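Just below is one structure, and these are the notes that go with it.
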Amino acid sequence: MRTQVAIIGGGPSGLLLSQLLMKEGIEAVVLERQTKAHVLSRIRAGVLESGFVRLMDEAGVVRRLVEEGFVHEGAILSFDNEQVRIDFAELAGQTVTVYGQTEVTRDLYDAREASGGSTLFQVEDVVLHDLDSDKPYVTFRQHGQDMRLDCDFVAGCDGFHGVSRTSIPASVRREFEKVYPFGWLGVLSETPPVHDELIYASSQRGFALCSMRNANLSRYYVQCDLSDKAGDWSDDAFWDELRRRLPDSVAQSLVTGPSIEKSIAPLRSYVCEPMRWGRLFLCGDAAHIVPPTGAKGLNSAASDVYYLHRGLRAFYGERDSAGIDGYSAKALARVWKTQRFSWWMTSLLHRFPDRSDFDIRMQQAEIAHLQELRAAQETLARNYVGLPY
Ligand code: APR
Ligand code: PHB
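Position one of the sequence shown corresponds to residue 998 (this note's numbering), numbered consecutively onward.
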């Protein structure tokens, strides 16, 4: 088999890239380890920057997102009983769209199938070869058969546990990591959201988040210990703990119900440099992870896809390799800014078990700074709606 771009991983990064390339007439094959049903069973964050929405539009996959997504002009930050509304529209001139990542992925799969693009599922033992030559290829097995895919380029979109990143020689690769001493316990419930905007709540008992999927589907989180097990948290215990972390007026209007999903995610910040080696380009979770506090995981993947797509378009269209040569530096410059914001939001809002008295005062001063200074709120708003790319 031969293609122009071999895309490893059929998550949102790989699929969005494949559809954008298809619009330019650049051929790609997507290799996905799991089944489509498995990929679509993952529940992830659901806040889309307008840059992401523009890319979906460019890929021709924006219709349902526009029809069913909710445009949010602001979000609430609460500190015990005090609330600050960050007005994105006024402070940053932009909005965000709340639309589940699972739905984004479903729309991308539907578009890929409708356009006849090739996606191979349940591929095993993917190995990348000759990445430092101009004739790279990928070997893998599917349904017991050994296969080979020759290509011009490999896009490593296979997430944090994929094979692409580790195909960059260890002598070249540099990794930066911060692991936070807590996790997020998340619950999905068929109840109306407590508020029509997201509420990021910082309290003496720890962080909580009120989010949503639609008018009768809510997503809530509470900061928990890393040793906690989701199964040990009853629904009642979850709702009680959530209520205690919200301002009284919000807690009183919370509608609770049975959870339809409950899971714990650890929080980490991670970046791999460089994001390009020879003919391999890393995109999304394969190259970087953020804690979910700023809702930047998917959005950060999208800017990588944007830079890579533009680079490949110029290469195939005009034989101009400046875009692909500059890919790693350009993508990383934005990745690090997004890392900074996600780390800052996480540090501002969580309760750190190992903090010193000095750290507590600094956190309090940071909160006061944000409450009092419009410029600080503007910085938050500009980062939340998404830095330009
Ligand atoms: N071979 C083929 N596919 C693989 C391999 C492999 N060796 N390893 C992993 N994959 C697949 C996974 O099964 C998954 O479907 O790659 C895909 C990677 O998808 P994601 O982990 O979702 O990563 P990405 O597409 O970069 O999405 C960006 O935004 O909100 C964040 O972390 C969240 O998924 C999210 C991300
Ligand atoms: C979610 O809706 O799951 C969500 C929203 C915002 C975040 C994280 C997760 O910052």
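We treat Cβ as the ideally placed atom computed from N, Cα and C, and that holds for glycine.
Quick caveat, the model's predicted, so the values are computed rather than measured.
- Distances from the CB of G1022 to the heavy atoms of the ligand APR are all 8 Å or more.
- Residue pairing of E1079 in beta bridges, as defined by DSSP: F1076.
- Among the bridge pairs identified by DSSP, G1183 is matched with Y1218 and S1260.
- When the beta-carbon positions are compared, V1287 and G1294 come within less than 9 Å of each other.
- Distance from the Cα of R1039 is smallest, within the candidate group D1143, A1373, L1367 and E1258, for E1258.
- Taking the Cβ of Y1197 as the reference point, at least one heavy atom of the ligand PHB falls within a distance shorter than 8 Å.
- Checking the 8 Å criterion, the Cβ of Q1098 is within range of a heavy atom belonging to the ligand APR.
- Here the distance from the Cβ of H1158 to the nearest heavy atom of the ligand APR is below 8 Å.
- In terms of Cβ geometry, E1270 and R1337 do not form a close pair [threshold 9 Å].
- Taken from the Cβ of T1290, at least one heavy atom of the ligand PHB lies inside 8 Å.
- Among the bridge pairs identified by DSSP, Q1142 is matched with Q1139.
- With 16 or more other Cβ atoms inside 10 Å of its own Cβ, N1380 counts as buried.
- For T1102, the enclosing alpha helix (DSSP H) has its first and last residue at Q1098 to A1111.
- Counting the other CB atoms within 10 Å of its CB gives Q1201 a total below 16, which places it among the exposed residues.
- In terms of side-chain proximity, the C-beta atom of S1164 is found no nearer than 8 Å to any non-hydrogen atom of the ligand APR.
- Fewer than three pairs of CB atoms, one per stretch, sit closer than 8 Å, so the region 1139–1154 makes no contact with the region 1178–1188.
- Taking 9 Å as the cut-off, the beta carbon of M1272 is found no closer than this to the beta carbon of L1309.
- With respect to G1011, D1107 sits apart: the two C-beta atoms are not nearer than 9 Å.
- In the three-state scheme derived from DSSP, where H, G and I count as helix and E and B as strand, D1129 is classed as coil.
- Relative to the non-hydrogen atoms of the ligand APR, the Cβ of R1039 comes within a distance shorter than 8 Å of at least one.
- Under the three-state reduction of DSSP, S1164 is assigned to helix.
- Just measuring C-alpha positions, the residue of F1157, G1057 and R1145 sitting nearest E1110 is G1057.
- Taking 8 Å as the cut-off, the C-beta of A1111 does not count as close to any heavy atom of the ligand PHB.
- About 6 Å separates the beta carbon of T1000 from that of L1146, a gap short enough to meet the 8 Å contact definition.
- Distance check between Y1197 and each of P1385, F1235 and A1292 places A1292 closest, using alpha-carbon atoms only.
- Its Cα nearest to that of R1348, the residue S1199 stands out among S1199, W1274, A1227 and P1190.
- Spanning the alpha carbons of V1095 and A1298 requires a straight line of approximately 17 Å.
- Residue side-chain check: D1282 places its Cβ nearer than 8 Å to a non-hydrogen atom of the ligand APR.
- CA-to-CA, the gap between I1321 and F1312 works out to about 8 Å.
- If you check the CB distance, R1210 and L1185 come in under 9 Å.
- G1113 counts as exposed, since fewer than 16 other C-beta atoms from the protein chains shown sit within 10 angstroms of its C-beta.
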